[in-house]
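Chemist:
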Amino acid sequence: MAAIVALVLAVALAACSGSSEITSSSSEAEETSLDVIVPVHGDVLEPTRLSVNGLASLLLGAEPLVRYSSGGELTPALAASVEEPDPTTYVFTIREDVTFWDGTPLSPDDVVFSFGLHADPDSESLHAPFWLGVEAIEATGDNEVTVTLTQPNSAFLYTVAQTPILSEAFYAEHGDAVGTPDVLNMGTGPYEFVSFRPSSETVLEANDDYWGGEPPWDRLTLSTINDDSARLNAVQSGEYDVVYNIPIAQYDAFAGVDGLTIAEASDLLVYKFNFDTTQPPFDDVHLRRAFMHAVDREDIVAGALGGQARLAPAVVPPEILSSGGEEAAVEETFAALEEDLAFDLDAAREELAQSSSPDGVEVELLTIASDPNLSLIAQTAAQTLAEIGITLTISQVDDNTYYEAVYFTHQVDGVSLDGFSGPDPAPITMPRYSLSSAFGLPKGGQGSNIADYDNPQVDALLEQATMLPADDPQAIGLILESLEAAQADAPYVPIAYPQVYAGAREGLTIEAFDTFWWMADWPSEVSG
Amino acid sequence: MTGASERLPRGGARGHWALRQVLARMLPSVGVLVAVTFVVFAFIHAAPGGPEQSLAGPFASEEQRARIRQTYGLDDPLLQQYGRFVTAAVQLDFGTSVSTREPVTQPLARAAAVSVPLLLMAWLVSTLLGWVLGLVTARRAGGPVDRLVLATTVVGASAPVFAVGVGLAYLFGVQLGWLPTVGSGDGGLDSLSHLVLPAVTLVILALASVTKVARVRIGQVLVEDQMTFATARGLSSGQILFGSVLRNAGVQLVTHSGALLIAMIGALIVVEAVFSLDGIGRLLVGSISTRDIPLIQAITLFMAVFIITVNLLVDLACLVIDPRMRVQGAVSDG
Chain A
1 MAAIVALVLA
11 VALAACSGSS
21 EITSSSSEAE
31 ETSLDVIVPV
41 HGDVLEPTRL
51 SVNGLASLLL
61 GAEPLVRYSS
71 GGELTPALAA
81 SVEEPDPTTY
91 VFTIREDVTF
101 WDGTPLSPDD
111 VVFSFGLHAD
121 PDSESLHAPF
131 WLGVEAIEAT
141 GDNEVTVTLT
151 QPNSAFLYTV
161 AQTPILSEAF
171 YAEHGDAVGT
181 PDVLNMGTGP
191 YEFVSFRPSS
201 ETVLEANDDY
211 WGGEPPWDRL
221 TLSTINDDSA
231 RLNAVQSGEY
241 DVVYNIPIAQ
251 YDAFAGVDGL
261 TIAEASDLLV
271 YKFNFDTTQP
281 PFDDVHLRRA
291 FMHAVDREDI
301 VAGALGGQAR
311 LAPAVVPPEI
321 LSSGGEEAAV
331 EETFAALEED
341 LAFDLDAARE
351 ELAQSSSPDG
361 VEVELLTIAS
371 DPNLSLIAQT
381 AAQTLAEIGI
391 TLTISQVDDN
401 TYYEAVYFTH
411 QVDGVSLDGF
421 SGPDPAPITM
431 PRYSLSSAFG
441 LPKGGQGSNI
451 ADYDNPQVDA
461 LLEQATMLPA
471 DDPQAIGLIL
481 ESLEAAQADA
491 PYVPIAYPQV
501 YAGAREGLTI
511 EAFDTFWWMA
521 DWPSEVSG
Chain B
1001 MTGASERLPR
1011 GGARGHWALR
1021 QVLARMLPSV
1031 GVLVAVTFVV
1041 FAFIHAAPGG
1051 PEQSLAGPFA
1061 SEEQRARIRQ
1071 TYGLDDPLLQ
1081 QYGRFVTAAV
1091 QLDFGTSVST
1101 REPVTQPLAR
1111 AAAVSVPLLL
1121 MAWLVSTLLG
1131 WVLGLVTARR
1141 AGGPVDRLVL
1151 ATTVVGASAP
1161 VFAVGVGLAY
1171 LFGVQLGWLP
1181 TVGSGDGGLD
1191 SLSHLVLPAV
1201 TLVILALASV
1211 TKVARVRIGQ
1221 VLVEDQMTFA
1231 TARGLSSGQI
1241 LFGSVLRNAG
1251 VQLVTHSGAL
1261 LIAMIGALIV
1271 VEAVFSLDGI
1281 GRLLVGSIST
1291 RDIPLIQAIT
1301 LFMAVFIITV
1311 NLLVDLACLV
1321 IDPRMRVQGA
1331 VSDG
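Okay, structure coming up:
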């Protein structure tokens, strides 16, 4: 009974705290506010537990040193400048006269602390894998922080752009409670955190003392609505102004909402079948190529993905590689890769006959409900694969079961299907993460090379490309060469690059939008 | 009746007897709580994956995941982990949520502040309305009102709960713009307005069952001889209704309404998803997805205590309504 009493009291307290919020909101009725649906929300308002879209609110409150802007450009934010005296050293000059919301000045120690949340050897951060190549992070002056890498990494600044700078003193004061609804977090950004409901809602208000000038909106409410029908109803009813990452299966429904303007961009995500190249039966390249030719990718794009995607000839979208001025080479290489992936049941049967499983195989394929496209892709592929004797038994499981079997232990029947998303737009990132043996489990990698693909030639090409600046034409050439070399071994069957969509109600316009909108100052891109 | 009253304890003794009835029903509940929490505990541990995967992401290193498992003691033997939970729970320490980093009572309280009012509101409305409709249809059995009410409620109950919810949200939120379609609101009247459509959805689901049970039981009472005698004695309609009809049908109606309240918890989970409410159902689904074991245990315990409490209140209400049950209890007590 004591437990009941405790809970009843807690319920009453929670109800009381709720009623205090309404006073606040009603007194600010004339504010310019933006109610936004975002695809995911974290359980805590804290960067070690938030990734990609989940950072959409945190990066507004707690700015990074450099800010991503649509098109891939990185612009100074809390860092007034960034210098690279050598390929493994980054020197950040911290902007002066910046204060946290509580008035305490931003110092290089706060930057070192914020980076250390992810880079410390015992970090439990989601971002820890991206900081593995960092050798040292030091405050090297009153307004200077120097980061030393173990080897050149052309994607490093994108990692910095995803890293919010937070108050070390605030963490010291609140410890593990930082990021919880009662404590929130402390940054320097244009919007301050007002309230936070785990997995559900974050409310921010403009920081009147923001060093960068007056923010365009007084109040932002970011909500995550998981149910498809509820999300659509919420937009149709006008309860929300903007919706980011409209699921492609719902594109037609949202396109039919009166007054809703939809912005569109290429998603940096590739749906692909993955083979375990180290274990039977898919350690046999002929079986892998038989599988590859027996998947009707065009049918998947047109049917399962509703035409809201493009055929994927490789594990990286071509536009990511086109930033170095090598468009013609990229186009030529991708055309050749696409030709090799052609749906051809006769070619599939020939490959199968040469394989160690000439009569075909029966395998289980796991999918997750949180991405319904995976199940649709699998079901479409299963139909044509069955025609050559490869039987897919599709099982839908929850995310944790999927992660355990597909990513952590690779305990599946040699084939899996995922939507692999690049964490940043650096050309090297997706090829390296999916094809370099250093990222496979057998070599102690993080497992993003889910095929455990190990080709010394590909490794060497990618290693050379990593050492070069991100948009160096020579780097692009090396990456293209690695894609061609890997294609012959077919560790993956790339299926499609989906589009990503955002909608704004009548009277509002999303001026700039791409798949990394959450890294940018995205409220400033909404006008009206 | 007179003989029965003579065998009941009197005065202070009656208070002790009532306390004994409560204790007699609560003591077995402790065993139920232990069994329920242990079974859930075992199932969660048997499920593939653990909280470290949700916390560290799909590309975490083995060392990173091992560190997280060590932090939360997840590699200890199952009984040792369960023992820790029980030892802390009896001191009202239900642990810290792995995902939200708060004492689990905090997210649980926030969620209960949404779910409990919603559930009670829907239960109260469906019960009272169902009883009224049951009375009306029982008195006009076979008539057009009876057929209309039964057909309407059965259609409502037959429709999938998510379809009813989405339909109501579309009609009253999108088309008419009267009520919000998603979210829990900011407290006070705003929160109340957010609970209207979810509550109506639950009422539609529950109403047919309550109405049908009330109609049948009240119909049985209405044809008993005592109704004829009551009318012959010149009692008013109100006296007959409250003194005879509801008193005689009360045990079945109260028992059914208790069972209904418990059954509505399942529908509540769906309704919270449809209306994007931050309630217990959504919290439970999220905690299972992230394998947040302390939070799952706390929710399980809360639900078990809630169900036990409802059953206890139903038992006590039945004792109040029907003195014969007190006699049976007194006799069985020796």
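Residue numbers (my numbering), protein chains in the order written: chain A, 1 to 528; chain B, 1001 to 1334. Backbone N, C-alpha and C fix where the C-beta goes; we use that ideal spot for every residue, glycine too. Every value quoted in this text rests on a predicted model; they were computed, and no experiment measured them.
(1) May I ask which residues mark the beginning and end of the alpha helix (DSSP H) holding residue 214/A?
(2) What does the Cβ neighbour count give for residue 356/A, buried or exposed, with the cut at 16 atoms within 10 Å?
(3) For residue 1106/B, which beta-bridge partners are listed by DSSP?
(4) Taking the runs of the beta strand (DSSP E) that are 3 residues or longer, which of them lie wholly in the segment 237 to 305 of chain A?
(5) Among residues of its own chain, excluding the 5 on either side of residue 299/A, which ones have a beta-carbon nearer than 7 angstroms to its beta-carbon?
(6) Which complete alpha helix (DSSP H) runs does the segment 1191 to 1271 of chain B hold, if anything under 4 residues is left out?
(7) Among the candidates 161/A, 280/A, 58/A, whose CA atom is the shortest distance from the CA of residue 74/A?
(8) For my contact list, residue 1181/B and residue 230/A are in at a C-beta cut-off of 8 angstroms; report their separation, rounded to the angstrom.
(9) Using CA coordinates, which residue listed in 303/A, 413/A, 305/A, 139/A is at the minimum distance from residue 361/A?
(10) Which runs of the beta strand (DSSP E) fall wholly inside the segment 440 to 526 of chain A and span at least 3 residues, in chain order?
(11) On the criterion of 16 or more Cβ atoms from any shown chain inside 10 Å, does residue 509/A qualify as buried, or is it exposed?
(12) Which two residues bound the contiguous beta strand (DSSP E) that contains residue 94/A?
(13) Report the partner residues of residue 419/A according to the DSSP bridge assignment.
(14) If the cut is a Cβ gap below 9 angstroms, which residues of chain A does residue 1278/B touch?
(15) Tell me which residues of the segment 250 to 271 of chain A have at least one Cβ-Cβ distance to chain B shorter than 8 angstroms, keeping chain order.
(16) Out of 523/A, 347/A, 519/A, 526/A, which one is the CA nearest neighbour of residue 71/A?
(17) Within 8 angstroms of any Cβ in chain B, is that where the Cβ of residue 376/A sits?
(18) Is the segment 383 to 397 of chain A close to the segment 1031 to 1041 of chain B, with three or more CB pairs under 8 angstroms?
(19) Check for me: the alpha helix (DSSP H) holding residue 321/A runs from which residue to which?
(20) Going residue by residue through the segment 334 to 373 of chain A, where are the continuous beta strand (DSSP E) segments of at least 3 residues, counting only ones entirely within it?
(21) Below 6 angstroms CB to CB, which residues in the same chain sit around residue 1178/B once its five sequence neighbours on both sides are set aside?
(22) Use the C-beta contact count for residue 255/A: other C-beta atoms within 10 angstroms, 16 or more gives buried, fewer gives exposed.
(23) Chain A partners of residue 1044/B, CB-CB under 9 angstroms?
(24) 8 angstroms is my cut-off, CB to CB: does residue 1347/B come that close to chain A?
(25) Starting from the Cα of residue 450/A, find the closest Cα among 456/A, 419/A, 178/A and give me that residue.
(26) Rounded to a whole number of angstroms, what is the C-alpha to C-alpha distance between residue 21/A and residue 194/A?
(27) Starting from residue 1049/B, find everything on chain A with Cβ-Cβ shorter than 9 angstroms and list it in chain order.
(28) Along the chain, where does the alpha helix (DSSP H) containing residue 159/A start, and where does it finish?
(29) Taking contact to mean 3 or more Cβ pairs, one atom from each stretch, closer than 8 angstroms, check whether the segment 1192 to 1209 of chain B and the segment 241 to 259 of chain A are in contact.
(30) Name the two residues that bound the continuous beta strand (DSSP E) containing residue 403/A.
(31) When the cut-off is 8 angstroms and only beta carbons count, does residue 126/A lie next to chain B?
(32) Are three or more beta carbon pairs between the segment 335 to 351 of chain A and the segment 279 to 291 of chain A nearer than 8 angstroms?
(33) Name the residue from 216/A, 475/A, 172/A whose alpha carbon lies nearest to the alpha carbon of residue 31/A.
(34) Among the residues of its own chain, which have a CB less than 8 angstroms from the CB of residue 113/A, if the five just before and after it don't count?
(35) Along the segment 111 to 140 of chain A, where does the CB come closer than 7 angstroms to a CB of chain B? Name the residues.
(36) Closer than 8 angstroms is the cut-off here; do at least three beta carbon pairs connect the segment 1306 to 1320 of chain B with the segment 1140 to 1150 of chain B?
Modeler: By the coordinates alone:
(1) Your numbering for residue 214/A matches position 214 in the first sequence. Element bounds for residue 214/A: n/a, residue is neither H nor E.
(2) Taking the first sequence and counting its residues from 1, the one referred to as residue 356/A is at position 356. Residue 356/A is exposed by the Cβ-count criterion.
(3) Here residue 1106/B refers to the residue found at position 106 of the second sequence. None; residue 1106/B has no bridge partner.
(4) 242 to 244, 261 to 266, 269 to 275
(5) Locating residue 299/A in the first sequence gives position 299, counting from the first residue. Only 380 meet the Cβ criterion.
(6) 1225 to 1232
(7) Residue numbering aside, residue 74/A sits at position 74 when the first sequence is read from its first letter. Closest option to residue 74/A, Cα to Cα, is 161/A.
(8) Residue mapping note: residue 1181/B aligns to position 181 of the second sequence, counting from 1. Residue mapping note: residue 230/A aligns to position 230 of the first sequence, counting from 1. Right, the Cβ-Cβ distance comes to about 7 angstroms (below 8 angstroms), so this counts as a contact.
(9) Mapped onto the first sequence, residue 361/A falls at position 361. The candidate whose alpha carbon is nearest that of residue 361/A is 413/A.
(10) 492 to 504
(11) As a first step, residue 509/A is located in the first sequence; it is residue number 509 there, counting from the start. It is exposed - the Cβ of residue 509/A has fewer than 16 other Cβ atoms within 10 Å.
(12) Residue 94/A sits at position 94 when you count from the first residue of the first sequence. Segment 89 to 94, the beta strand (DSSP E) holding residue 94/A.
(13) For the purposes of this step, residue 419/A is identified with residue 419 of the first sequence, where counting begins at 1. BP columns for residue 419/A point to 271/A.
(14) As a working note, residue 1278/B is residue 278 in the second sequence. Correct list: 197, 198, 199, 200, 201.
(15) none
(16) As a working note, residue 71/A is residue 71 in the first sequence. The residue with the shortest Cα to Cα distance from residue 71/A is 519/A.
(17) Position 376 of the first sequence, counting from 1, holds the residue named residue 376/A. Taking Cβ atoms only, chain B never reaches closer than 8 angstroms to residue 376/A, which makes this a no.
(18) no
(19) Indexing the first sequence from 1 puts residue 321/A at position 321. Here the alpha helix (DSSP H) through residue 321/A covers 318 to 321.
(20) 361 to 368
(21) Your numbering for residue 1178/B matches position 178 in the second sequence. Same-chain partners within the cutoff: 1172.
(22) Residue mapping note: residue 255/A aligns to position 255 of the first sequence, counting from 1. Residue 255/A should be labelled exposed.
(23) For the purposes of this step, residue 1044/B is identified with residue 44 of the second sequence, where counting begins at 1. By Cβ distance, chain A contributes nothing, its closest Cβ being about 10 angstroms from residue 1044/B, past 9 angstroms.
(24) Limits of chain B in this structure are 1001 at one end and 1334 at the other, which puts residue 1347/B out of reach.
(25) In the first sequence, residue 450/A corresponds to position 450, counting from 1. For the residues 456/A, 419/A, 178/A, the minimum Cα distance to residue 450/A belongs to 419/A.
(26) To locate residue 21/A, count along the first sequence from 1; it is residue 21. To locate residue 194/A, count along the first sequence from 1; it is residue 194. Low local confidence applies: a pLDDT of 34 at residue 21/A is under 50, so the model's placement there is unreliable, and no value is given.
(27) Within the second sequence, numbered from 1, the residue matching residue 1049/B stands at position 49. Chain A residues near residue 1049/B: 398, 399, 400, 401, 402, 403, 404, 405, 408.
(28) In the first sequence, residue 159/A corresponds to position 159, counting from 1. 156 to 161 is the span of the alpha helix (DSSP H), which, as asked, contains residue 159/A.
(29) no
(30) In the first sequence, residue 403/A corresponds to position 403, counting from 1. Neither: residue 403/A is in no beta strand (DSSP E) and is coded neither H nor E.
(31) Here residue 126/A corresponds to residue number 126 of the first sequence, with the count starting at 1. Output row for residue 126/A: interface = yes.
(32) yes
(33) For the purposes of this step, residue 31/A is identified with residue 31 of the first sequence, where counting begins at 1. For residue 31/A, the nearest C-alpha among the options comes from 216/A.
(34) Your numbering for residue 113/A matches position 113 in the first sequence. Correct list, in chain order: 166, 168, 171.
(35) 122, 124, 126, 128, 129
(36) no
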